[in-house]
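Peer 1:
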Amino acid sequence: MSQVNLISAISTRKTFAIISHPDAGKTTLTEKLLLFGGAIHEAGSVKARKAERYATSDWMELERQRGISITSSALQFKYQGYVINILDTPGHQDFSEDTYRTLTAADSAVMLIDAAKGIEAQTKKLFYVCRQRGIPIFTFVNKFDREAKDPLDLMDEVEKILGIEAYAMNWPIGMGQDFKGIYDRQSGMVERFISGIGKKSSTPPVSGNLSDPNVQEGIGQELLKQLHDEIDLLDLAGNAFSQERVDRGEVTPVFFGSALNNFGVPNFLQSFLKLAPAPQPRSTNMGILAPETNSFSGFIFKIQANMNAQHRDRIAFVRICSGRYERGMNVIHTRSHRRLRLAQPQQLFAQERTILDEAYAGDIIGVHDSGLLRIGDVLTEKDGLQFETMPFFSPENFARISIANALKRKQFIKGIQELQEEGAIHVFRDLHVGVEAPIIGVVGQLQFEVLEYRLREEYGVKVEIQHLPYEIVRWVDKVERNIKLLTESSMSTVVLDKDENYAVLLLDEWKAKWLSDRYEIEFLNQPKEL
Ligand code: GDP
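Here's what the structure looks like:
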């Protein structure tokens, strides 16, 4: 393939994740975006998929039968000459380290906020991961068809709570029962909101210039005056727009609308496609790697095990960072220096797995793995290439896991070891208890259920789970005095991590601070050598 074609294929790609708190409308927004791309034809398809996911308590069995479809990956569709990859970030009860790691595969993020609730806990956590990476963050304030917080207050909340400047791209006119539409600050056009119209289709809303008497009449005197006042305020006192600052993640462009009514979504999508970055160069141990480099490379950000009960296969999700993938190509697995043939990489969409013939920097492919691959591993044509290490995500839920039947000890240890390597769990060991009853740390509660299920199904081991009240883990230097003090404290449990580093489980931030101040012990957020 010529360099020109490679560049043009890569420059049309937009790979992003939607970050939000449960119920803000991520599924609804995703669905509307897919609708534009013609990837689905009917509103409700994604929703149905989500409902299926929770309608049954035995969802894991369901997931196994259906293959990978129910759990996350990436959805790809084409729209107006762009190839759009939406990374699915698991939320709700399946929130886990995967959710965080997925963000390392994104080139930008869309932060979705419920207009009545403002910034919520999960959004904040996910925002900080994006912030650390310095990727552009776009904001969509959803549900303006309902009673909402004052839009100026919402902008203020974004700035104060998250510490990012907000720039309103458009502005809502009224809200709830009186929601009249949105005003586009660039074009001066108003899109009129008419309840119910956009729900089922992607029909564009009625629009007109703000100076048009018909538009003004539709808005009404009172709201019109308010709109003028607010726009003046934004123009005078608001932040200035700067593409460079958006690119650096210092300013977030803010859009208002209602995903459910498909209102404001087209306006958002148009701007987003213009402003969001194509795949960007990445730092490596060999210098900056441009995506259009004529050699394939990518890293694994997620591993999904046992898609198929008969084959015990695992699928590793690879974010392509440079070059082009071609079906059957040979790559080097950097950690082992082994050659791998990417025979049947897959793209995943809804219920189907599609075998891919080609893919480009920015895309996500699923690669079959027989146990060799780990999170953070690099597949490349250039041996020795390494990307920046995966960020460390601290577990927030802890439980002691023990085996019901001592004869299964070997399988149990193997299972725990393998699941740890896969990146699903963090394993800690009590100073006085052996490997038979490790303490497991996870980001999301549901991981315990997944762990229990997988140990039973894949390793034939039944376990007991005893939840512990701790919420955070901190690492400490092996200073005898400190270990002794922490071991004696009723507020903490001293443990060893997988590399025999000392760590301490603590009830909450407040207690951690108290202990650290009281005994003058320095707590680290992650093991030192990371
Ligand atoms: P998720 O948990 O973030 O994926 O949220 P969903 O997309 O499932 O939406 C949560 C609830 O909010 C559902 O009942 C949606 O119908 C509703 N919802 C989503 N967008 C809007 C909106 O723009 N307006 C209103 N009124 N409801 C919405």
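Quick note on numbering: the working numbering labels position 37 of the sequence shown as 524, and the sequence is numbered without any gaps.
A virtual CB, placed ideally from N, CA and C, is assigned to each residue, including glycine.
All values reported here derive from a predicted model rather than from experimental measurement.
Unbroken alpha helix (DSSP H) runs of length 4 or more, entirely within the region 895-960: which are they?
Peer 2: 896-909 and 933-946
Peer 1: Whose CA, out of Arg861, Val865, Arg806 and Glu875, lies closest to the CA of alanine 846?
Peer 2: Arg806
Peer 1: Identify, in the order they occur along the chain, each residue of the same chain with its Cβ nearer than 6 Å to the Cβ of threonine 576, setting aside the five sequence neighbours on each side.
Peer 2: Ala504, Thr586 and Thr589
Peer 1: How many whole angstroms separate the CB atoms of lysine 985 and tyrosine 946, which I take to be in contact at a CB cut-off of 8 Å?
Peer 2: Going by Cβ atoms, the distance from lysine 985 to tyrosine 946 rounds to 18 Å, so no, they are not a contact pair.
Peer 1: Between leucine 972 and arginine 941, is the Cβ-Cβ spacing less than 8 Å?
Peer 2: no
Peer 1: Nearest to tyrosine 812 by CA position, among Arg916, Gln904 and Leu866, is which residue?
Peer 2: Leu866
Peer 1: From the DSSP output, which residues share a beta bridge with glutamate 813?
Peer 2: Glu845
Peer 1: Check whether the Cβ of alanine 746 lies closer than 7 Å to any heavy atom of the ligand GDP, and answer yes or no.
Peer 2: yes
Peer 1: The ligand GDP heavy atoms versus the CB of aspartate 632: any closer than 7 Å?
Peer 2: yes
Peer 1: Evaluate arginine 968 with the Cβ neighbour count: other Cβ atoms within 10 Å of its Cβ, from every protein chain shown; 16 or more gives buried, anything less gives exposed.
Peer 2: exposed
Peer 1: In whole angstroms, give me the CA-to-CA distance for histidine 919 and threonine 974.
Peer 2: 11 Å
Peer 1: Among the candidates Arg861, Asp844, Val948 and Lys667, whose CA atom is the shortest distance from the CA of isoleucine 888?
Peer 2: Val948
Peer 1: Out of Phe743, Ser770, Pro882 and Ile651, point me to the one whose CA is closest to leucine 955's CA.
Peer 2: Pro882
Peer 1: Cβ of valine 738 within 8 Å of Cβ of serine 729?
Peer 2: yes
Peer 1: For the ligand GDP, I want to know if alanine 886 counts as a neighbour, meaning its beta carbon is within less than 7 Å of at least one of the ligand's heavy atoms.
Peer 2: no
Peer 1: For arginine 887, name the three-state secondary structure that DSSP assigns.
Peer 2: In the displayed model, arginine 887 falls within a strand according to three-state DSSP.
Peer 1: Determine the closest residue to aspartate 734 out of Asp870, Ser1003, Leu520 and Ile622, with distance taken between C-alpha atoms.
Peer 2: Ile622
Peer 1: Assuming arginine 961 contacts phenylalanine 1010 under a Cβ cut-off of 8 Å, what Cβ separation, rounded to an integer in Å, is found between them?
Peer 2: 4 Å
Peer 1: Straight-line CA distance for aspartate 864 to leucine 710?
Peer 2: 55 Å
Peer 1: What is the DSSP secondary structure of leucine 994, counted as helix, strand or coil?
Peer 2: coil
Peer 1: Counting pairs of Cβ atoms below 8 Å between the region 771-785 and the region 668-675, do you hit three or more?
Peer 2: no
Peer 1: Please confirm whether any heavy atom of the ligand GDP lies closer than 7 Å to the CB of aspartate 665.
Peer 2: It does not: the Cβ of aspartate 665 is nowhere closer than 7 Å to a heavy atom of the ligand GDP.
Peer 1: Decide if the region 853-862 is in contact with the region 752-772; the criterion is three or more beta carbon pairs, one per stretch, under 8 Å apart.
Peer 2: no
Peer 1: Determine the direct distance from the alpha carbon of phenylalanine 743 to that of glycine 661, and round the result to whole angstroms.
Peer 2: 11 Å
Peer 1: Out of Asp870, Arg896 and Gly910, which one is the CA nearest neighbour of phenylalanine 880?
Peer 2: Gly910
Peer 1: Mind checking whether the beta-carbon of lysine 513 lies closer than 7 Å to any heavy atom of the ligand GDP?
Peer 2: yes
Peer 1: Could you tell me the alpha carbon to alpha carbon distance between glutamate 548 and aspartate 850, rounded to whole angstroms?
Peer 2: With a pLDDT of only 47 at glutamate 548, under 50, the local geometry of the prediction cannot be trusted, and the value read off the model is given with reservation. So the two alpha carbons sit approximately 29 Å from each other.
Peer 1: Is the beta carbon of alanine 430 less than 8 Å from the beta carbon of alanine 603?
Peer 2: The chain is shown only over 488 to 1017; residue 430 falls outside these bounds and no answer can be derived.
Peer 1: Rounding to the nearest angstrom, what Cα-Cα distance links arginine 916 and aspartate 637 in this structure?
Peer 2: 50 Å
Peer 1: Who are glutamate 678's beta bridge partners in DSSP?
Peer 2: Ile669 and Ser694
Peer 1: Tell me the DSSP secondary structure of isoleucine 819 in three-state form.
Peer 2: strand
Peer 1: Less than 7 Å separating the Cβ of serine 507 from some heavy atom of the ligand GDP?
Peer 2: yes
Peer 1: Whole-angstrom Cβ separation of serine 976 and leucine 1002, contact assumed at under 8 Å?
Peer 2: The pair is a contact, with the Cβ atoms about 6 Å apart (cut-off 8 Å).
Peer 1: Below 8 Å on the Cβ atoms is my contact criterion, and I expect aspartate 601 with aspartate 722 to pass it. Report the Cβ-Cβ distance as a whole number of Å.
Peer 2: Separation of the CB atoms of aspartate 601 and aspartate 722 is rounded to 27 Å, and the pair is thereby denied contact status at 8 Å.
Peer 1: Given a cut-off of 8 Å, decide if alanine 830 and glycine 725 are closer than it, judged by their beta-carbon atoms.
Peer 2: Contact check for glycine 725 against alanine 830 fails: the beta carbons are separated by 8 Å or more.
Peer 1: When you compare only the Cα positions, how much space is there between leucine 760 and serine 682?
Peer 2: 26 Å
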